[in-house]
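Chemist:
Protein chains: 2
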Amino acid sequence: MKTYKELYTIIEQQIKSLNYNNEPRELYDPITYMLSLGGKRLRPVLVLMASDLFGVDIKKSIQAALAVEVFHNFTLVHDDIMDNADIRRGMPTVHKKWNQTVAILSGDLMMIKAIDLLCETETLNLKKLIAVFNKAGAEVCEGQQIDMNFESRNDVSVKEYIEMITLKTAVLLGASLQLGAVIADANNADEKHIYEFGKNIGIAFQIQDDILDSFGEGDKVGKKIGGDIATNKKTLLYLKALELSNASTRSTLENLYQFKHENTDTKILSVISIFKELNVLDEAEKLKQYYLAEAFSHLNQIKVEAIKKEILQNTAVELMQRMS
Amino acid sequence: MKTYKELYTIIEQQIKSLNYNNEPRELYDPITYMLSLGGKRLRPVLVLMASDLFGVDIKKSIQAALAVEVFHNFTLVHDDIMDNADIRRGMPTVHKKWNQTVAILSGDLMMIKAIDLLCETETLNLKKLIAVFNKAGAEVCEGQQIDMNFESRNDVSVKEYIEMITLKTAVLLGASLQLGAVIADANNADEKHIYEFGKNIGIAFQIQDDILDSFGEGDKVGKKIGGDIATNKKTLLYLKALELSNASTRSTLENLYQFKHENTDTKILSVISIFKELNVLDEAEKLKQYYLAEAFSHLNQIKVEAIKKEILQNTAVELMQRMS
């Protein structure tokens, strides 16, 4: 079994060898640009990891892994337009560096190129591979739309929030692992379990992300504390706080989230102080642990020697620790 | 062989039976909305026509035909954002009726759903089917980007213009026919010829479209004369005129295209008068006839009884006449 680091190195090499030097340059350069911005390459690594787990040469899964990474970057390019984001991984977003037309079109092209890469996979089960890929792809779009809808809603429940993050971020982690399993011809039960492992880990990751925005150590997390609060993002902590607060605290919290306050630091401190008062961190931690337990329960049920599964378990734990 | 009208009726029925009643509604309703706006359904009809020509039951090609229509509508939704268009087939565009986020995301989803439909095709050659589809898909994106680039360029040649319309509109007509041929297991030479037939017909259609903007009968064409001129669109006629004009006429023409004039009617009359003076209509007609001849030459080379090919020839001629 190869480690995360080994697989990451393979993915990095493969990404560098992708050749999008076609014309018109405005359309193809953003693909190379986005892929050069780096990142954990979690999704493509998961594709390879699942293939490795089920005993197939990871070479067979490289194209599918790249497909997932290109697809993921396509969603980032379009999301950045919708979120009006200027910066991605410390660099200008595509619609800022070029313009909105380029961002829409090169995003569209990346989606097409992702399917092209997926189709390069040597498999007798291309139809299933695409079905897994497209199901997650459609769900990512659904999750993003639901997230957008949340912005103008004041009655979002924790349950709805979990559904949203499941669609927007978790299913693609599950699908990445599932693709690796399909290529390795794993049996249906194992395929299902590895998908559920990835999905539940993904939910736990997102909860962790929400927690760190309010309770992380800024330097370690690599971004400023309270970014979600400053932009009125309805995170799990905020929704839990609303759920647990009395009428007066609820009203204070809702008022703080009414406007994008100019004096953001004061706002962030006030909100975090309410979060502490209501002990939402404990609640969020409990929920995170629930999804982690779900994930590991599915991992346990996979019919593969325990020693081989350790790498997946360790990866999940390490990523969670690296985030904290 | 089934007629255009018969195939059109089948496509209309099939489109009505597509079910996009999922959640969130903002994401799925625009698909149903766009598909309900009608149109000639030229691309899906061509898929069926090619299958019919090569002797396979058109039922086998319905899903691929729908895939092409959904893909085409995805490009329209995104193009309308880029073109800042308010109206599509007399109805509000998706980004006007909903908003830009919905238009980007539902467009993305339509692209995914198009691939899903394509994958429902019963074929041993799914990989090839997707390759044909995606090649045209990527080229449509390229064509749209090149068209966008033309807006800020003053040195576009007629050759570049033909390349642009080939990518932006013609290749998808060729690919539609090719998909029908692939599903019917046509031989490679015939597949190539039917693609070239569609591509060249597509170029001729677009030239006809450019001609009608200046020289059509407004009522018959269904849109106001001079729309392209009013919006400074660099059509074939405009580029031909620049090519044929002396320094003084060139300067007049370029000045007329410098601003979106408030007094549009005067501008349109002035431009058309220059077009007449330079006889660009004849030049455009010659070019159109060239591509029509190319198209029919490829059609002739297809190894199928002549009588069967007549329906494709007649369809092309009728569509061209209906436009004029």
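If you read the protein sequences in the order shown, they are chains A and B. Residues in the first sequence are numbered from 29 upward in steps of one, following the numbering used here. Residues in the second sequence are numbered from 29 upward in steps of one, following the numbering used here. Glycine is no exception: its CB is placed at the ideal position from the N, C-alpha and C atoms.
#1: Are the CB atoms of B:G208 and B:L297 within a distance shorter than 8 Å?
#2: Work out the CA separation of A:V122 and A:F102 for me, nearest whole Å.
#3: Could you list which residues in chain A have their beta carbon closer than 9 Å to that of B:P58, in chain order?
#4: Measuring CB to CB, does A:L157 end up less than 8 Å from A:V98?
#5: For the alpha helix (DSSP H) containing B:G255, list its first residue and its last residue.
#6: So which residues on chain A does B:H106 lean against when the C-beta distance must stay under 8 Å?
#7: Helix, strand or coil: which one does DSSP assign to B:M176?
#8: Please state the DSSP three-state secondary structure of A:M29.
#9: When you compare the CB of A:Q206 with every CB in chain B, is at least one pair closer than 8 Å?
#10: Tell me, please, whether the CB atom of B:I211 is closer than 8 Å to any CB atom in chain A?
#11: For the region 96–156 of chain A, list the alpha helix (DSSP H) runs that are entirely contained and at least 4 residues long, ordered along the chain.
#12: Looking at the ligand FMN, does it come within less than 7 Å of B:A95, judged from the CB to the closest heavy atom?
#13: In this structure, does DSSP put A:P26 in helix, strand or coil?
#14: Please name the residue, chosen from A:G67, A:N153, A:T194, that lies closest to A:T37 on a Cα-to-Cα basis.
#15: With burial defined as no fewer than 16 other Cβ atoms inside 10 Å of the residue's Cβ, what is the status of B:R116: buried or exposed?
#16: Nearest-angstrom Cα distance between B:I300 and B:K316?
#17: Using beta carbons (cut-off 8 Å, strictly below), is A:L201 in contact with chain B?
#18: Quick one: using the 10 Å Cβ neighbour count with 16 as the cut-off for buried, is A:A275 buried or exposed?
#19: Between A:G118 and the rest of its own chain, which residues show a CB-CB distance below 6 Å, the 5 nearest in sequence each way excluded?
#20: Taking only beta-carbon atoms, is A:Q91 less than 8 Å away from chain B?
#21: With 16 as the cutoff for other CB atoms within 10 Å, does B:I335 come out buried or exposed?
#22: Could you give the first and the last residue of the continuous alpha helix (DSSP H) run that contains A:I211?
#23: Which residues of chain B have a Cβ atom closer than 8 Å to the Cβ of A:N274, listed in chain order?
#24: Can you pull the chain B neighbours of A:G165, defined as C-beta to C-beta under 8 Å?
#25: Within 10 Å of its beta-carbon, does A:L63 have 16 or more other beta-carbons around it, so buried, or fewer, so exposed?
#26: Helix or strand or just coil, what does DSSP make of A:L315?
#27: I'd like to know whether the C-beta atoms of A:A269 and A:I302 end up nearer to each other than 8 Å.
#28: Taking the CB atoms as reference points, tell me whether B:T263 and B:D238 lie closer together than 8 Å.
#29: Thinking C-beta only, is A:P58 closer than 8 Å to A:V130?
#30: Candidates A:V186, A:C169, A:K331: which alpha carbon is nearest B:P52's?
#31: What is the rounded straight-line gap between the Cα of B:C147 and the Cα of B:D136?
#32: Report the start-end ranges of each beta strand (DSSP E) in the region 58–92 of chain B that is 3 residues or longer and not cut off at the edges.
#33: Should B:Q91 be labelled buried (16 or more other beta-carbon atoms within 10 Å of its own) or exposed?
#34: Express the C-alpha separation of A:Y61 and A:I257 in angstroms, rounding to a whole number.
#35: Put A:Q46 into one of helix, strand or coil per three-state DSSP.
#36: Using Cβ-Cβ distances below 9 Å, what residues of the region 223–238 of chain A are close to chain B?
Modeler: Straight from the coordinates:
#1: The Cβ atoms of B:L297 and B:G208 do not sit closer than 8 Å to each other.
#2: If I take the Cα positions, the gap works out to 11 Å.
#3: None at all; the shortest Cβ gap to chain A is about 11 Å.
#4: No, the pair does not count as a contact, with Cβ atoms beyond the cut-off.
#5: Counting along the chain, the alpha helix (DSSP H) containing B:G255 begins and ends at 255–258.
#6: Those are I132, L133, D136, listed as they occur along chain A.
#7: Note: B:M176 maps to helix in three-state DSSP.
#8: When secondary structure is reduced to three states using DSSP, A:M29 falls in the coil class, being assigned neither helix nor strand.
#9: Contact with chain B is absent for A:Q206, since none of that chain's Cβ atoms lies less than 8 Å from the residue's Cβ.
#10: By this cut-off, B:I211 is not an interface position.
#11: Within the region 96–156 of chain A, the complete alpha helix (DSSP H) segments of 4 residues or longer fall at 122–125, 128–147, listed in chain order.
#12: The ligand content of the structure shown is nil, which means the ligand FMN is not present either.
#13: Residue 26 of chain A is absent from the model: chain A starts at 29 and stops at 352.
#14: Residue A:G67 holds the alpha-carbon nearest to the alpha-carbon of A:T37 among A:G67, A:N153, A:T194.
#15: Counting the other CB atoms within 10 Å of its CB gives B:R116 a total of 16 or more, which places it among the buried residues.
#16: Their Cα atoms are separated by approximately 19 Å.
#17: No, its Cβ sits nowhere closer than 8 Å to a Cβ of chain B.
#18: It counts as exposed.
#19: Closer than 6 Å at Cβ, skipping near neighbours: no residue.
#20: A:Q91 does not count as touching chain B.
#21: Exposed is the call here.
#22: Segment 199–211, the alpha helix (DSSP H) holding A:I211.
#23: Per Cβ cutoff of 8 Å: no residues; A:N274 is ~32 Å from chain B at best.
#24: Here the neighbours are I140.
#25: Looking at its Cβ environment, which holds 16 or more other Cβ atoms inside 10 Å, A:L63 is buried.
#26: Per DSSP, reduced to three states, the secondary structure at A:L315 is helical.
#27: Taking the C-beta atoms as reference points, A:I302 is found nearer than 8 Å to A:A269.
#28: Yes, they are a contact pair.
#29: Yes. Within cutoff.
#30: It is A:C169 whose Cα lies nearest to the Cα of B:P52.
#31: It is roughly 17 Å from the alpha-carbon of B:C147 to the alpha-carbon of B:D136.
#32: List check, beta strand (DSSP E) in window: nothing returned.
#33: Classification for B:Q91: buried.
#34: Using only the alpha carbons, I get a separation of about 30 Å.
#35: The residue asked about is misnamed: residue 46 of chain A is Leu in this sequence, not Gln. Coil, per DSSP.
#36: Listed by position along the chain: nothing, the set is empty.
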